[in-house]
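Trainee: Under my numbering, the first residue of the sequence shown is numbered 170, with each subsequent residue one higher. Backbone N, C-alpha and C fix where the C-beta goes; we use that ideal spot for every residue, glycine too. Just so we're clear, the structure is a prediction, and the values are computed from it rather than from any experiment.
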Amino acid sequence: MFVFHLLFALALLGGSGSSNDATSAQLEINPLQPHPADSELVLESGLKPFRSELTYKGLKPDYNPFEQAASDLQDKLFESAPSPLLSEPGDTGTFDYGGQFKLLNAVPLKQQSIEFGPLTIHIMDVQLLEARGIPEDSRENISILNQEDIGPDMTYIKIIYSVENTTDQNIGFYGLNSIHPNTGYPISADRNFMRKPYVYHQYDGVVMDNMGYGLVYTDDPDKLESIELVFNRIYDYDTGETIVEPTSLNIPFTVQK
């Protein structure tokens with residue numbers, strides 16, 4: 170389901186008509202510029218997934234509560250029809266996990282690719298959304314992954330990107346570490362309610378992996394002007410040697426009224 174959403178999003182991005190070109194050009198932000206992350210921005214809780222991939226032997230072991238919650242939410246995706254891809258603030262649709270959702274704000278990225286040593290990260294979607302009327306079972310599972318209870322309504326930040334290993338090296342990368350809004354508290358990536366039950370972080374040779382994050386945002390959505398994405402270090406998977414130190418990426422939200 171996530172792959173379907175990703176391919177559909179790419180099709181929309183690549184197939185926009187001439188009538189929208191002028192608007193898109195006006196809203197498109199400047200190329201994103203990565204820079205070394207300040208050490209205090211790298212959260213310890215965002216360094217590794219809940220379960221190390223080394224404990225997974227190709228069989229399905231007993232799920233811990235986080236993996237079970239992620240699995241249940243993934244099942245919801247497969248059971249429901251694909252939710253619409255919202256593009257304009259105020260657009261509404263059916264939330265993947267039940268209830269309704271509305272787009273509050275979006276970053277006009279039109280896909281930006283950033284090189285991090287041997288890896289290229291293609292950032293495709295950054296949005297601020299509101300979900301309402303979330304059913305109890307989904308609410309419980311999102312609360313487990315968020316590590317704090319949520320009510321039937323919530324505001325969240327959605328981030329979708331893909332990781333591409335452009336070399337034949339065996340690369341290790343734990344992905345997003347945290348996001349730091351201009352207002353409110355930093356949010357560790359381990360609170361991601363869109364995560365899969367198991368997430369591998371080994372990129373062996375030329376390969377691409379799609380990543381989706383849903384992170385609950387509890388501050389005033391009207392005050393959100395930018396977020397700082399902090400990515401974990403990139404390292405040689407076989408030796409553990411660091412190739413690229415943790416990297417930071419500032420993403421401004423363009424106000425669209």
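Can you tell me whether residue 316 is helix, strand or coil according to DSSP?
Mentor: Position 147 of the sequence shown, counted from the start, is the residue given in the question as residue 316. In this structure, residue 316 counts as coil in the three-state DSSP scheme.
Trainee: Could you check which residue in 256, 274, 251 has the C-alpha nearest to that of residue 263?
Mentor: Here residue 263 refers to the residue found at position 94 when the sequence shown is read from its first residue. Of the candidates 256, 274, 251, the one whose C-alpha sits nearest the C-alpha of residue 263 is 251.
Trainee: If we ignore side chains and look at the alpha-carbon of each, how far apart do residue 204 and residue 418 end up?
Mentor: As a first step, residue 204 must be located in the sequence shown, where it is residue number 35. As a first step, residue 418 must be located in the sequence shown, where it is residue number 249. Distance between the alpha carbons of residue 204 and residue 418: 7 Å.
Trainee: So, using beta-carbon positions, are residue 272 and residue 259 closer together than 8 Å?
Mentor: As a working mapping, residue 272 is identified with position 103 in the sequence shown. As a working mapping, residue 259 is identified with position 90 in the sequence shown. Yes, the Cβ-Cβ distance between residue 272 and residue 259 is below 8 Å.
Trainee: DSSP state of residue 270, grouped into three classes?
Mentor: Translated into positions along the sequence shown, residue 270 becomes position 101. DSSP places residue 270 in strand when its eight states are reduced to three.
Trainee: Would you report the Cα separation of residue 327 and residue 338, rounded to the nearest angstrom?
Mentor: Here residue 327 refers to the residue found at position 158 of the sequence shown. Here residue 338 refers to the residue found at position 169 of the sequence shown. Going by the C-alpha atoms only, they are around 30 Å apart.
Trainee: Take residue 241 and list the residues in its own chain whose beta-carbon comes closer than 7 Å to its own, dropping the five residues that flank it on each side.
Mentor: The residue you call residue 241 lines up with position 72 of the sequence shown. Counting only Cβ-Cβ distances below 7 Å, and skipping sequence neighbours, we find 310.
Trainee: Could you tell me the alpha carbon to alpha carbon distance between residue 425 and residue 278, rounded to whole angstroms?
Mentor: Along the sequence shown, read from residue 1 onward, the residue named residue 425 stands at position 256. Along the sequence shown, read from residue 1 onward, the residue named residue 278 stands at position 109. Confidence at residue 425 is low in this model, with a pLDDT of 44, below 50, so its placement is unreliable and no value can be given for it.
Trainee: With a CB to CB cut of under 7 Å and the five nearest residues on each side skipped, what residues in its chain are close to residue 312?
Mentor: On the sequence shown, position 143 is the one that residue 312 refers to. In its chain, beyond the 5 residues on either side, 318, 319 have a beta carbon closer than 7 Å to the beta carbon of residue 312.
Trainee: I'd like the list of long-range same chain contacts for residue 191, defined as Cβ closer than 7 Å, with 5 residues on each side in sequence excluded.
Mentor: Against the sequence shown, residue 191 aligns to sequence position 22. With a pLDDT of 33 at residue 191, under the threshold of 50, the modelled position of this residue cannot be trusted; read the value that follows with caution. The answer is none, since no qualifying residue turns up.
Trainee: If distances are taken between C-alpha atoms only, which option among 244, 421, 361 comes closest to residue 394?
Mentor: Here residue 394 refers to the residue found at position 225 of the sequence shown. The residue with the shortest Cα to Cα distance from residue 394 is 421.
Trainee: Assuming residue 341 contacts residue 380 (C-beta within less than 8 Å), just tell me the rounded distance between them.
Mentor: Within the sequence shown, numbered from 1, the residue matching residue 341 stands at position 172. Within the sequence shown, numbered from 1, the residue matching residue 380 stands at position 211. With 8 Å as the limit, residue 341 and residue 380 do not qualify as a contact, their Cβ atoms being about 15 Å apart.
Trainee: Which word fits residue 363, buried or exposed, when buried means at least 16 other C-beta atoms lie within 10 angstroms of its C-beta?
Mentor: Your numbering for residue 363 matches position 194 in the sequence shown. Per the 10 Å Cβ criterion, buried.
Trainee: On the criterion of 16 or more Cβ atoms from any shown chain inside 10 Å, does residue 399 qualify as buried, or is it exposed?
Mentor: Residue numbering aside, residue 399 sits at position 230 when the sequence shown is read from its first letter. Looking at its Cβ environment, which holds 16 or more other Cβ atoms inside 10 Å, residue 399 is buried.
Trainee: Tell me, which residues are paired with residue 345 by DSSP?
Mentor: Numbered from its first residue, the sequence shown carries residue 345 at position 176. Beta-bridge pairing links residue 345 to 400.
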